[in-house]
Amino acid sequence: MSMFCYQCQEAAGNKGCDKVGVCGKKEDVANLQDLLTYLLKGISIWTTKARELGVTDADADLFVVEGLFSTVTNVNFDEAWFTERIENAIKVRGKVQTLFTNAYKKANGSAFDCVVHDAATWSGTTREEFFDKAIEVGVMSEENTDIRSLKELLIYGLKGIAAYVDHAHVLDYKNEKIFAFIGEALATTTEADLGAGELTGLVLKTGEVAVDAMELLDRANTSTYGAQEMTEVFTGLIEGPGILVSGHDLRDIKELLVQTEGKGVNIYTHSEMLPAHAYGELKKHKHLIGNYGTAWYNQHKEFDAFKGSVLMTTNCIKKPKDSYAERIFTTGLVGWPGVAHIDNRKEGEAKDFTAVIEKALELGSIVPVEGKKLTIGFAKDQLMAVADKVVEAVNSGAIRRFVVMGGCDGHSKGRDYYTELARGLPNDTVILTAGCAKYRYNMLDLGEIDGIPRVLDAGQCNDSYSLAYIALKLKEAFGLDDINDLPISYEIAWYEQKAVTVLLALLHLGVKGIRLGPSLPAFLSPGVVKVLVDNFDIKGITTVEEALEEISAAPGAAA
Ligand code: FSO
Ligand code: SF4
881 MSMFCYQCQE
891 AAGNKGCDKV
901 GVCGKKEDVA
911 NLQDLLTYLL
921 KGISIWTTKA
931 RELGVTDADA
941 DLFVVEGLFS
951 TVTNVNFDEA
961 WFTERIENAI
971 KVRGKVQTLF
981 TNAYKKANGS
991 AFDCVVHDAA
1001 TWSGTTREEF
1011 FDKAIEVGVM
1021 SEENTDIRSL
1031 KELLIYGLKG
1041 IAAYVDHAHV
1051 LDYKNEKIFA
1061 FIGEALATTT
1071 EADLGAGELT
1081 GLVLKTGEVA
1091 VDAMELLDRA
1101 NTSTYGAQEM
1111 TEVFTGLIEG
1121 PGILVSGHDL
1131 RDIKELLVQT
1141 EGKGVNIYTH
1151 SEMLPAHAYG
1161 ELKKHKHLIG
1171 NYGTAWYNQH
1181 KEFDAFKGSV
1191 LMTTNCIKKP
1201 KDSYAERIFT
1211 TGLVGWPGVA
1221 HIDNRKEGEA
1231 KDFTAVIEKA
1241 LELGSIVPVE
1251 GKKLTIGFAK
1261 DQLMAVADKV
1271 VEAVNSGAIR
1281 RFVVMGGCDG
1291 HSKGRDYYTE
1301 LARGLPNDTV
1311 ILTAGCAKYR
1321 YNMLDLGEID
1331 GIPRVLDAGQ
1341 CNDSYSLAYI
1351 ALKLKEAFGL
1361 DDINDLPISY
1371 EIAWYEQKAV
1381 TVLLALLHLG
1391 VKGIRLGPSL
1401 PAFLSPGVVK
1411 VLVDNFDIKG
1421 ITTVEEALEE
1431 ISAAPGAAA
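For the sequence shown, the numbering used here begins at 881 and goes up steadily by one.
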């Protein structure tokens, strides 16, 4: 076996990719990602020890967060990038180690001489050394299947948290407690004889911290760009040069909007960038024209057909086709070998998107396409603004049940389930959604109930906080003691690790009976699945008919 990865829903054979990733991740990159993760654990051993003595290193904390985010599915495929990160990880780790040992000496009057885990000390310089070590420390190095499963579940939950924290950090919002938890959890995975009980506790705690991370990001986004408002978005293309922006980073699109002001270049959102249209500070730019395309997995077809520049701000990037390889750009932690990359911003400055803009101008007008209208903007603030109306509709029986259909989209044929489910849901149900999963049904024209759209779109997967927030507010409004007494069914579609984080957040909030699809994660061992079923009644999807029957038979609020 030359690599092993089973972190996403498209893992080969729903077991794991062991030659090349279904996502396009090559053996070398997969192994370097494993080694980077190992070194992030090593850095975390020292940052955690240093914290116990009251010493922190903000650069090291951010390095860990960025490192985790970079290994999320479909973020970065660049071997050179990971090689450099590994070299830097060794340097960062050395710096934190010194920070700790100095603090230790000061506190204790003697030098620190305890034995530490290999992750905290191992070093290498050559390509061979990196790959030999990567093979030794990869996912399969843990032999106990249940422990491996719990460790990976924990690490994937942390990867999602890291993505949220990194987005918030870009907007200058931070939370020391979250950094401390990420470090402590990563360091704990290196402990010998770590039991299933302790790991399960950490996994559940990850759900709690995930809620904090989502709250932090929500605060960062809404404080910077205003609360999301109900907004109609055009789904076509108009005459003139254009740039299509995908991914999740709002600061990137804001800076691009500012830099294209008055230049005759129109900006369009793709996939998870759709909610940008709902923020006052973004939608005020009149050349933010509309949303084009669907979810990430259709990008070959859609980027091919869109004849302007394309900017990927985060996941999910696929191997660019030759037809648009010269007009696609990456930025932030995203990378694909050979694709032009827009550098990070320098302290106090915006990123420089000149290359993306010049390419769009050089390409000239894109081909206009007719579009429809999508209504978005139902994150927590907009939902709270219509809360009275919603409660009234529930009390009158006009809305009988909500179905949370959040998460991701992907290639799997089984995802048609979500289209058919949405189409078949009774007319007195409302879908609450976030993430790119919505592209399976957001163009179905499902209508309204008393003026409330039947698809309430809270935004990106990163905005799932709004879904949890609304559930808790409804529980309060209806005077319920248990979140499971709410008239809500959960149909979560997962693909990558942020969805794992959202799932853990829902479990932390006490939500039971979640249906997870289109397949259960390959990284969950039968033993861990049993724990989830016994404690949280988690289930996989079966047929649309069965789900519809269950949802129709479930009690409404007025019952
Ligand atoms: Fe989708 Fe990709 Fe947002 Fe994910 S674009 S799949 S959960 O990275 O991030 O929902
Ligand atoms: Fe396979 Fe998914 Fe890992 Fe890519 S991220 S290598 S598709 S399991």
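Backbone N, C-alpha and C fix where the C-beta goes; we use that ideal spot for every residue, glycine too. It should be emphasised that the depicted structure is a prediction, and the values quoted were computed from it without experimental measurement.
Where does E1425 sit, in a helix, a strand or coil, going by DSSP? helix
Just jot down, in chain order, the residues whose CB lies closer than 5 Å to any heavy atom of the ligand FSO. E1152, W1176, N1195, C1196, C1288, G1315, C1316, C1341, Y1375, E1376, K1378, A1379
Bridge-paired residues (DSSP) for L1336: L1312
Using the rule of at least 16 other Cβ atoms within 10 Å of the residue's Cβ for burial, across every protein chain shown, is L1324 buried or exposed? exposed
With a cut-off of 8 Å on the beta carbons, I'd call S1245 and P1121 a contact; round off their distance for me. 6 Å
Does at least one heavy atom of the ligand SF4 sit under 7 Å from the Cβ of V902? yes
Does the beta-carbon of T1086, which I'm using as the reference point, lie nearer than 7 Å to any heavy atom of the ligand ADP? The ligand ADP is absent from the structure shown, which contains only the ligand FSO and the ligand SF4.
Would you call the region 1331-1351 in contact with the region 1253-1269, where contact means no fewer than 3 C-beta pairs closer than 8 Å? yes
Should C826 be listed as close to the ligand SF4, given that the test is whether its C-beta is under 7 Å from any heavy atom? What the structure shows of the chain is the stretch from 881 to 1439, and residue 826 is not part of that stretch, so it cannot be assessed.
Assuming A983 contacts Y918 (C-beta within less than 8 Å), just tell me the rounded distance between them. The pair is not a contact, with the Cβ atoms about 24 Å apart (cut-off 8 Å).
Return yes when the C-beta of G896 is under 7 Å from any heavy atom of the ligand SF4, and no when it is not. yes
Just checking A1093 against the ligand SF4 - is the residue's beta carbon closer than 7 Å to any of the ligand's heavy atoms? no
Can the beta-carbon of L979 be found less than 8 Å from the beta-carbon of G947? no
Which term fits P1398, buried or exposed, when burial requires 16 or more other beta carbons within 10 angstroms of its beta carbon? buried
Is any non-hydrogen atom of the ligand SF4 found closer than 7 Å to the C-beta of E890, if you look at the structure I gave you? yes
I need the DSSP call for Q889, collapsed to helix, strand or coil. coil
Cutoff 7 Å; reference K1239; Cβ partners in own chain excluding five residues on either side: S1189, R1207
Completely contained alpha helix (DSSP H) runs for the region 1007-1037, where each covers 4 or more residues: 1007-1017
Does the beta carbon of K1201 fall short of 7 Å from some heavy atom of the ligand SF4? no
F1416 beta carbon less than 8 Å from that of I1378: The amino acid at residue 1378 is misidentified as Ile; the sequence shows Lys. Result no, Cβ atoms of K1378 and F1416 do not sit closer than 8 Å.
Between R973 and the rest of its own chain, which residues show a CB-CB distance below 6 Å, the 5 nearest in sequence each way excluded? G922, I923
Under three-state DSSP, which class holds N956? strand
Nearest CA to the CA of K1085: which residue from L1051, D1052, L1034? L1034
Segment limits, alpha helix (DSSP H) that includes L1079: 1076-1105
Whole angstroms is fine: what's the gap from Q889's alpha carbon to Y1375's? 5 Å
Closer than 7 Å: T917 CB and nearest the ligand SF4 heavy atom: no
On the three-state DSSP scale, how would you describe V1190? strand
Does L1168 come out as helix, strand or coil in the three-state DSSP assignment? strand
Any chance the CB of Q1139 is under 7 Å from a heavy atom of the ligand SF4? no
Should the region 1288-1302 be regarded as contacting the region 1174-1188, the criterion being three or more beta carbon pairs within less than 8 Å? yes
L1191 and V1125 closer than 8 Å at C-beta: yes
In angstroms with no decimal places, state the Cα-to-Cα distance between V1380 and D1337. 20 Å
So is the beta-carbon of Q1179 under 7 Å away from any non-hydrogen atom of the ligand SF4? no
At a cut of 8 Å, does the region 1047-1062 reach the region 1093-1111 through at least three beta carbon pairs? yes
When every heavy atom of the ligand SF4 is checked, does at least one fall within less than 7 Å of the C-beta of Q887? yes
So, at 8 Å on beta carbons, what are the nonlocal neighbours of T1309 in its own chain, with the 5 sequence-adjacent residues on each side left out? I1279, R1280, R1281, F1282, V1283, R1334, I1431
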